[in-house]
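For reference, the structure is listed below as structure tokens.
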Amino acid sequence: MESLIKVQPKYFTKKTKAELKNISRFVGLNALDVNADVFHDFTMDLRKAYVARAEQIGLYPNVCEMLAKLKEMDTKIGIVSSNDTSLIISILKKYNLEEDFDFIIGDINLNGKDKTLSELSQKGVALEKSWYIGDTPHDIRSAKFAGMKSVAACWGYSSNEMLLKESPDFCFSEVLQILSLI
139 MESLIKVQPK YFTKKTKAEL KNISRFVGLN ALDVNADVFH DFTMDLRKAY VARAEQIGLY
199 PNVCEMLAKL KEMDTKIGIV SSNDTSLIIS ILKKYNLEED FDFIIGDINL NGKDKTLSEL
259 SQKGVALEKS WYIGDTPHDI RSAKFAGMKS VAACWGYSSN EMLLKESPDF CFSEVLQILS
319 LI
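All you need for my numbering is the position in the sequence shown, starting with 1, plus 138.
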């Protein structure tokens, strides 16, 4: 949210933190009326602001415990994200989690996630037996497009209402619920 507050004056009429939180969680960033000609610049500036505050980024409760249990069960775990790869890796290193993941694919443009998930089969991932856990409606749609099962991370970025509109296979409110999939 802090990153969005930082870049907003350049791209749209200034809004309060509460207004931005409401828009981003319940409507989506496209509701900010950012001119289509500069939307790419907007997302790049947002990404830069996010990377700049990497040290302040924390983990959701029970993430370390959940990852440890998945590894104990010999579960393959990967990250597919539109976030900056170096940011992802720096956060994982900060929490000593970089070894918990079998692959990390970042820097994906928003519309490229469908294709990237589909291409995981070329890396030996059985898509029909895999779960994609995401916190945006686009994540849920991308999982379905790739033939994966979808899990809405209702503890994350988007509201439950936005996620449920996409009819995910599961909607979890807590990180540890992921363990019920195995």
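A virtual CB, placed ideally from N, CA and C, is assigned to each residue, including glycine.
Mark residue i as exposed unless 16 or more other C-beta atoms lie within 10 angstroms of its C-beta, in which case mark it buried.
i, result
"Y198", "exposed"
"P204", "The residue you asked about is not Pro; residue 204 is Met in the sequence shown. The residue is buried, with at least 16 neighbouring Cβ atoms inside 10 Å."
"L314", "exposed"
"F241", "exposed"
"I278", "buried"
"S280", "buried"
To the nearest angstrom, how far is it from the Cα of residue i to the Cα of residue j?
i, j, result
"M182", "K282", "27 Å"
"Q194", "E312", "22 Å"
"L317", "L208", "7 Å"
"L230", "S224", "10 Å"
"I215", "D222", "18 Å"
"V176", "R185", "14 Å"
"K261", "K303", "31 Å"
"P295", "R191", "Reading the sequence as shown, one finds Tyr at residue 295 and not Pro. About 17 Å."
"N200", "K253", "30 Å"
"Y233", "C202", "8 Å"
"A206", "K267", "21 Å"
"H178", "Y188", "15 Å"
Helix, strand or coil for residue i per DSSP?
i, result
"G303", "The residue asked about is misnamed: residue 303 is Lys in this sequence, not Gly. K303 falls in the coil class under three-state DSSP."
"I226", "helix"
"F282", "With the sequence shown as reference, residue 282 is identified as Lys, and Phe is not the correct amino acid for it. Looking at K282 - three-state DSSP - the assignment turns out to be helix."
"G294", "coil"
"K214", "coil"
"V263", "coil"
"F308", "strand"
"F241", "strand"
"G196", "coil"
"S256", "helix"
Does the Cβ-Cβ distance between residue i and residue j come in under 8 Å?
i, j, result
"K251", "S220", "yes"
"F239", "I217", "yes"
"D307", "S288", "yes"
"I100", "E236", "Outside the modelled stretch of the chain, which goes from 139 to 320, sits residue 100, for which no answer is possible."
"M300", "L255", "no"
"A284", "F310", "no"
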